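In my numbering, the protein residues as written are 83 to 315. Here's the structure we're looking at; comments come further down.
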């Protein structure tokens with residue numbers, strides 16, 4: 083249980099690229115130009131994320147000679163917020179929140195959808211205990227910091243060749259996060275998908291390791307983001 087709790091807690095932290103030892107502190111928005119979030123004019127086209135069609139999923143993997151003693155895990159959460167499009171350049175941007183009260187650990191339907199690497203169901207008491215540890219004051223401290231905020235710094239490219247740089251903020255700590263995405267315009271709104279890996283060590287985190295390194299959390303965490311947003315008149 084302890085190994086699972088720490089592994090899952092780290093994976094949620096990785097979602098935002100935060101909770102890393104030595105992460106830079108930004109009281110509000112940073113004056114550092116590399117972390118200046120998008121500012122959009124009143125004329126920007128605004129899209130509101132539909133939470134029922136949007137979400138984020140993390141896949142955390144075990145490794146090591148004793149990996150059989152652990153489990154791979156799926157974490158899901160709701161995403162809310164707004165997307166923007168600059169009327170002059172067409173460049174998109176976003177301001178998103180992930181409410182920590184929406185976090186689910188190893189939901190049965192998600193494990194079934196993922197298939198082979200995530201066999202069977204995790205017992206409800208184990209899932210709840212892991213979630214409680216993740217959201218408690220020792221890690222995410224959701225009682226004081228109930229949301230993860232992710233805001234765009236720069237979005238370049240178009241369609242399936244979009245590149246996103248964002249600022250993710252958790253527990254008052256922010257750091258940049260960069261990833262590829264696909265942005266699609268449709269008759270009823272704007273869709274964004276992103277599938278990428280984040281390495282814990284790239285974010286200043288040391289992957290969890292126990293039993294003399296025999297059971298470890300894999301450095302790379304798989305991240306899947308699906309957003310759909312409708313135009314706001």
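We put the beta carbon where it would ideally sit given N, CA and C, even for glycine. Computed from a predicted structure; not experimentally measured.
Reduced DSSP secondary structure (H/G/I, E/B, other) of residue i
{"i": "residue 170", "result": "coil"}
{"i": "residue 207", "result": "helix"}
{"i": "residue 123", "result": "coil"}
{"i": "residue 132", "result": "coil"}
{"i": "residue 202", "result": "coil"}
{"i": "residue 214", "result": "helix"}
{"i": "residue 242", "result": "helix"}
{"i": "residue 273", "result": "strand"}
{"i": "residue 267", "result": "strand"}
{"i": "residue 222", "result": "coil"}
{"i": "residue 301", "result": "coil"}
{"i": "residue 253", "result": "coil"}
{"i": "residue 193", "result": "helix"}
{"i": "residue 311", "result": "strand"}
{"i": "residue 149", "result": "helix"}
Option nearest residue i by Cα separation, candidates the options
{"i": "residue 255", "options": "295, 193, 230", "result": "230"}
{"i": "residue 271", "options": "313, 174, 177", "result": "313"}
{"i": "residue 235", "options": "226, 242, 248, 225", "result": "248"}
{"i": "residue 129", "options": "170, 278, 240, 177", "result": "177"}
{"i": "residue 205", "options": "302, 266, 153", "result": "153"}
{"i": "residue 268", "options": "311, 261, 173, 122", "result": "311"}
{"i": "residue 168", "options": "273, 125, 275, 214", "result": "125"}
Cβ shell of residue i (< 7 Å), same chain only, five flanking positions each side left out
{"i": "residue 151", "result": "297"}
{"i": "residue 149", "result": "297"}
{"i": "residue 137", "result": "158, 159, 160, 161, 308"}
{"i": "residue 119", "result": "111, 233, 234, 235, 249"}
{"i": "residue 184", "result": "159, 160"}
Proximal residues to residue i (C-beta, below 8 Å), its chain only, five neighbours per side dropped
{"i": "residue 300", "result": "142, 143, 144, 145, 289"}
{"i": "residue 219", "result": "225, 226"}
{"i": "residue 57", "result": "Not covered by the structure: residue 57. The range shown for the chain is 83 to 315."}
{"i": "residue 133", "result": "160, 161, 162"}
Cβ neighbours of residue i in the same chain (closer than 6 Å, five flanking residues each side left out)
{"i": "residue 251", "result": "231"}
{"i": "residue 115", "result": "For residue 115, the predicted structure reports a pLDDT of 36, less than 50, and the residue's modelled location is therefore unreliable. The matter cannot be settled from this model."}
{"i": "residue 190", "result": "203"}
{"i": "residue 238", "result": "245"}
{"i": "residue 242", "result": "264"}
Residue i classed as buried or exposed, judged by whether at least 16 other C-beta atoms fall within 10 angstroms
{"i": "residue 179", "result": "buried"}
{"i": "residue 104", "result": "Because the pLDDT of residue 104 is 34, which lies under 50, any placement of that residue in the model is unreliable, and the number read from its coordinates should be weighed accordingly. Classification for residue 104: exposed."}
{"i": "residue 212", "result": "buried"}
{"i": "residue 209", "result": "buried"}
{"i": "residue 240", "result": "exposed"}
{"i": "residue 244", "result": "buried"}
{"i": "residue 259", "result": "buried"}
{"i": "residue 174", "result": "buried"}
{"i": "residue 113", "result": "At residue 113, the pLDDT of 36 sits below 50, so the modelled position is not reliable and the matter cannot be decided from this model."}
Check whether the region 188 to 208 and the region 164 to 179 touch, using three or more Cβ-Cβ pairs below 8 Å as the test.
no
Pair every Cβ in the region 302 to 311 with every Cβ in the region 132 to 142, then say whether three or more of these pairs are closer than 8 Å.
In the pairwise beta carbon analysis, the region 302 to 311 is classified as touching the region 132 to 142: at least three pairs are separated by under 8 Å.
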